[in-house]
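If you're matching positions, the sequence shown starts at 28 in the working numbering and goes up one per residue.
Only one structure is covered here, and it is reproduced in the block below.
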Amino acid sequence: MTLRAAITKKRFWNIFALIVSTVLVGIAMGQNLTYQQDPGWQPPQAAITRANPLARNADAVGGGRKLFLRECTECHGREGNGRKRAADLVLPQVQKQSDGALFWKITNGNARHGMPSFAKLPELQRWQLVLFLRQLPLSASTAAPMEKE
């Protein structure tokens, strides 16, 4: 191998390492690295199987969005990606939970991890929040951020 070929090969690997490092840093910056899921924060079976009475009401999502912007963005961020120790609501482990489980978590909160109870909100508003949470992965995949209302 000539000196020129060795330099070119070394330059290639340096550039490759820089690109991989940049991608990994970008992925890490997009995640809430301080959030730790609480395995003890599980809703009872009756809550898990509870159906959302607004499930077929597309208009209710808008109300959930307004509630989310007012009540949830301080901890979860405008896109739901999580701040501080709050959950990234776009993650599959959040989105795969049933509507009833999410409703229970919104209602009861998790004081040990700083999630307040939103039992003070009327029941239908909490269901609206659940509907909006289902839209977050769609919002996160679009280029335009949500506008503040």
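Where a beta carbon is used, it is the ideal one built from N, C-alpha and C, also for glycine.
Where residue i falls: helix, strand or coil (DSSP)
i       : result
Asn-108 : coil
Thr-61  : Residue placement at Thr-61 is flagged as unreliable, the pLDDT there being 47, under the threshold of 50; a coordinate-derived value is accordingly withheld.
Asn-84  : coil
Cys-137 : It should be pointed out that residue 137 corresponds to Asn in this sequence rather than to Cys. If DSSP states are grouped into helix, strand and coil, Asn-137 belongs with the strands.
C-beta atoms of residue i and residue j nearer than 8 Å
i       : j       : result
Trp-154 : Pro-70  : no
Gly-127 : Ala-85  : no
Ile-133 : Val-157 : yes
Ala-114 : Val-121 : yes
Glu-101 : Phe-145 : no
Gln-162 : Val-47  : no
Classification of residue i by the beta-carbon crowding that lies within 10 angstroms, buried from 16 upward
i       : result
Arg-92  : buried
Leu-160 : buried
Leu-60  : For Leu-60, the pLDDT reaches just 49, beneath the cut-off of 50, and the residue's location in the model is therefore unreliable, although a value from the coordinates is still provided. Label assigned to Leu-60: exposed.
Asn-41  : exposed
Leu-165 : exposed
Phe-39  : exposed
Ala-138 : exposed
Phe-95  : buried
Leu-129 : buried
Leu-45  : exposed
Ile-34  : exposed
Chain C contact for residue i (CB, 8 Å cutoff)
i       : result
Gln-122 : Absent here is chain C; the protein component of the structure consists of one chain.
Practice task
Could you tell me whether the region 145-154 touches the region 105-120, where touching means 3 or more Cβ pairs closer than 8 Å?
Solution key: no
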